[in-house]
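Novice:
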Amino acid sequence: MSIPPENPANEPFHEDAAAPRTDGSPGLAGAGPRPVGIIVISIVVVLEALALLTAAGLYAFQLVSGAPVASFWGAVFTLGLLLVFSAWLFAVGHFLFRGYRWTRAAALVAQLFVLTIGVPTMTGGLPLAGLAMIVPALATIGFLFEKKVLAFASRTGGSSAAL
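The number in the numbering used here is simply the position in the sequence shown, starting from 1, with 14 added.
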């Protein structure tokens, strides 16, 4: 005999499940305290978003000040990508801090991108800049697979259907 699968979306809404936490931290009761790993990962991701936003600002300044570019529209596209990725990382850091499940994969992908830039930077003659990218990325990847982080960051979007 097999047990039929349970769908959490079909469960009735419980008033006490949506109660705010009593310790003053954001989120719902029963989700547990926020682990240190979540705080570290969120800070690293937000700092990476700020770095991308700073790079976009410098890139825009150079574009406006008349720095030579091979393709003007290619430079505008690159600027747009920097701004979009910065906004994406801000969202990932914010929602990871709140405990949403989808942010773990997004943070992991971001750290893998940082590693693909950081390793060539370090081996290409800029060891401090490379280490400044590699060390936080490796620490973030390590924290992403910690049991307390996995337990905390398991919140889904809500109980209502998407369509």
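Backbone N, C-alpha and C define an ideal beta-carbon position, used for all residues, glycine too. Predicted model only: the values in this text are computed from it and were never measured.
Using 8 Å as the threshold, is the segment 150-157 in touch with the segment 90-104, meaning 3 or more CB pairs across them?
Specialist: no
Novice: Return the chain-ordered list of same chain residues with a C-beta closer than 6 Å to the C-beta of residue 128, the five sequence neighbours on each side being excluded.
Specialist: As a first step, residue 128 must be located in the sequence shown, where it is residue number 114. Within the same chain, residue 128 has close Cβ partners 147 and 151.
Novice: In the DSSP assignment, find the alpha helix (DSSP H) that holds residue 134 and state where it starts and stops.
Specialist: Start at 1 with the first residue of the sequence shown, and residue 134 comes out as number 120. Segment 116-137, the alpha helix (DSSP H) holding residue 134.
Novice: Alpha carbon to alpha carbon, how far is residue 115 from residue 107? Give it in angstroms, no decimals.
Specialist: Here the question's residue 107 lines up with position 93 in the sequence shown. Here the question's residue 115 lines up with position 101 in the sequence shown. Here the alpha carbons of residue 115 and residue 107 stand approximately 12 Å from one another.
Novice: Pop quiz: residue 52 and residue 145 are said to be a contact at Cβ under 8 Å. What is the actual Cβ separation, rounded to whole angstroms?
Specialist: By 1-based counting over the sequence shown, the position of residue 52 is 38. By 1-based counting over the sequence shown, the position of residue 145 is 131. Contact between residue 52 and residue 145 is ruled out by a C-beta separation of about 24 Å, above the 8 Å threshold.
Novice: Who are the near neighbours of residue 54 in its chain, counting only those whose CB is closer than 8 Å to its CB and skipping five residues on each side?
Specialist: The sequence position of residue 54 within the sequence shown is 40, counting from 1. The answer, listed in chain order, is 153, 154 and 157.
Novice: Let's test the definition: count the other Cβ atoms within 10 Å of the Cβ of residue 49 and tell me whether it reaches 16, buried, or not, exposed.
Specialist: To locate residue 49, count along the sequence shown from 1; it is residue 35. With 16 or more neighbouring CB atoms inside 10 Å of its own CB, residue 49 falls in the buried class.
Novice: Taking the alpha-carbon of residue 132 as reference, which of 124, 123 and 143 has the nearest alpha-carbon?
Specialist: As a first step, residue 132 is located in the sequence shown; it is residue number 118 there, counting from the start. For residue 132, the closest C-alpha among the options 124, 123 and 143 is that of 143.
Novice: Looking only at its chain, what residues have a beta carbon closer than 7 Å to the beta carbon of residue 63, apart from the 5 residues adjacent to it on each side?
Specialist: Within the sequence shown, residue 63 is the residue found at index 49, counting from 1. For residue 63, where only same-chain residues beyond five positions count, the Cβ hits under 7 Å are 100, 103, 104 and 107.
Novice: Starting from the C-beta of residue 167, find all residues in its chain whose C-beta is less than 8 Å away, skip the five residues before and the five after it, and write them out in chain order.
Specialist: Looking up residue 167 in the sequence shown gives position 153. Cβ neighbours of residue 167 beyond the five flanking positions: 52, 110, 113, 114, 115, 117 and 118.
Novice: With distance defined between alpha-carbon atoms, name the residue in 138, 83 and 122 nearest to residue 163.
Specialist: The residue you call residue 163 lines up with position 149 of the sequence shown. Per the Cα distances, 122.
Novice: Closest to residue 56 by CA distance: which of 130, 134, 125 and 138 is it?
Specialist: Indexing the sequence shown from 1 puts residue 56 at position 42. Nearest option by C-alpha distance: 125.
Novice: How long is the line joining the alpha carbons of residue 120 and residue 67, rounded to whole angstroms?
Specialist: As a first step, residue 120 is located in the sequence shown; it is residue number 106 there, counting from the start. As a first step, residue 67 is located in the sequence shown; it is residue number 53 there, counting from the start. Cα-Cα distance, rounded: 18 Å.
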